[in-house]
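Residue numbering for the sequence shown follows the numbering used here, starting at 881 and increasing by one per position.
The C-beta atom is built at its ideal place from N, Cα and C for all residues, glycine as well.
Here's the structure we're looking at; comments come further down.
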Amino acid sequence: MKNKIQSSAIAVSTAAALLAAFAIPSTRAALIFEADFASSSQIVSIGGTGVVNAGDANWSASIEDTNSLGQGSYLNRVNNGSGSATTSSYVADFTPTSAANSWAAMSTVSGANVVLNGGADLFFRVNSVTDASKVNWFRPIDTRGRGTTDTSGLRLVLNANSATTFTLELLAGGGAAFTDKTTGNTSSSVKISAPLSYTFGAVNHIGFTFSTDDDGWVTMKLFTQADGDAIDITGASLPSASTATFKISSSIAGNGFANSQLLLGGGDPSATASNIDYDLFRLYDSAPSTFSSIPEPSTAALLTALPALLLVVSMRRRRILR
881 MKNKIQSSAI
891 AVSTAAALLA
901 AFAIPSTRAA
911 LIFEADFASS
921 SQIVSIGGTG
931 VVNAGDANWS
941 ASIEDTNSLG
951 QGSYLNRVNN
961 GSGSATTSSY
971 VADFTPTSAA
981 NSWAAMSTVS
991 GANVVLNGGA
1001 DLFFRVNSVT
1011 DASKVNWFRP
1021 IDTRGRGTTD
1031 TSGLRLVLNA
1041 NSATTFTLEL
1051 LAGGGAAFTD
1061 KTTGNTSSSV
1071 KISAPLSYTF
1081 GAVNHIGFTF
1091 STDDDGWVTM
1101 KLFTQADGDA
1111 IDITGASLPS
1121 ASTATFKISS
1131 SIAGNGFANS
1141 QLLLGGGDPS
1151 ATASNIDYDL
1161 FRLYDSAPST
1171 FSSIPEPSTA
1181 ALLTALPALL
1191 LVVSMRRRRI
1201 LR
């Protein structure tokens, strides 16, 4: 009888272990913030809170679940292309729990240099866009916001001005803070670009990283994936336009990124009419080796695993009863 009880316990332990193996992990290496848009009342799953903005006569935003990008609900933004070109409209506002969950976690000062380590990624789907050649039809990230008078620190902008090229730009409002490693030239901004030929209705994955070596040289990289799959950062072969290496003067750029609200934009209201979905916006305080793909909903993963679990337990019970 004791052996049967022990065997039964082993069966339960085996099932529990398999459940753990199939469960969706709640944390990932270096992940400090995640917006998964699970519901209209809870759009942030790690590192803060957030709200979806109501929109106005020129654009609207809502949480939808009718055509998942891979994990259930997502954020939809519809723009009618009739707004003002002088300001950006922010689809969602996020409030980090602390500086450790914000852009500020990526930047520190080391002597004369601002050191950057970290990254971010985002999934999106273009359902329609009238004219993708318009400036800023896609502008999900702008850490400062257009029209600002604040010139301190660093500003980061991810946008697109065409249907096939996406850009990442780092700017220093205080002046020529950047020194290019190859040319030695100084400038007030660094811009890189990456190709991405999207198709309507397909999920896309875009991400970028910062890493700094022992001598203070910062390398900035931009990655794109047209099929929405995971991005292998360490093994990726990037075009020269998608990477840059430079130093950042702390006397000009201050502390780098500020501990402020995180914003998810939807492009300039006047750019062009568009309908774009967003999902899984993530921040990292060090460059990850991989930007993982969108996970399945937890319930779907468990339902997929359940038949296998029941089979294991059933086989174990049959052996016990023999």
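- Sequence-distant partners of S1166 (beyond 5 residues in either direction) whose C-beta falls short of 7 Å from its own C-beta, in its chain, are A910, N997 and G998.
- Within the model, the alpha-carbon separation for S1129 versus T1089 is close to 19 Å.
- Collapsing the DSSP output to three states places I1021 in a strand.
- Under the three-state reduction of DSSP output, W983 falls in the helix class.
- Spanning the alpha carbons of A1057 and L1050 requires a straight line of approximately 10 Å.
- Shown here, S919 sits in a strand according to DSSP, grouped into three states.
- If you draw a 10 Å sphere on the C-beta of D1022, you find 16 or more other C-beta atoms in it, and that means buried.
- K1061 counts as exposed, since fewer than 16 other C-beta atoms from the protein chains shown sit within 10 angstroms of its C-beta.
- Considering only N933, S919 and G927, the residue with the shortest C-alpha distance to L1144 is N933.
- For P976, the closest of D1157, A1138, S1154 and I1072 by C-alpha to C-alpha distance is A1138.
- Pairing T1152 with W1017 gives a Cβ-Cβ distance under 9 Å.
- The C-alpha of D1109 is placed about 29 Å away from the C-alpha of R1024.
- Bounds of the alpha helix (DSSP H) holding A1133 are S1130 to A1133.
- The beta carbon of M986 lies closer than 7 Å to those of L996, N997, G998, F1090, F1137 and D1165 in the same chain, with the five residues before and after it left out.
- In the assembly as shown, N1039 is a buried residue. Its beta-carbon has 16 or more other beta-carbons within 10 Å.
- Proximity to V989 across I1111, N1155 and I1132 peaks at I1132, based on C-alpha coordinates.
- In the assembly as shown, D1159 is a buried residue. Its beta-carbon has 16 or more other beta-carbons within 10 Å.
- Rounded to the nearest whole angstrom, the C-alpha separation of T1010 and S1154 is 6 Å.
- Taking every protein chain shown into account, the CB of N947 has fewer than 16 other CB atoms within 10 angstroms, so this residue is exposed.
- With at least 16 other beta carbons inside 10 angstroms of its own, G1087 counts as buried.
- Secondary structure in the region 1046-1086: the beta strand (DSSP E) runs of 3 residues or longer, each lying completely within the stretch, are 1058-1060 and 1069-1075 in chain order.
- In this structure, the straight-line span from the alpha carbon of V994 to that of L1036 is close to 14 Å.
- Burial check for F1046: the Cβ neighbour count within 10 Å reaches 16 or more, so the residue is buried.
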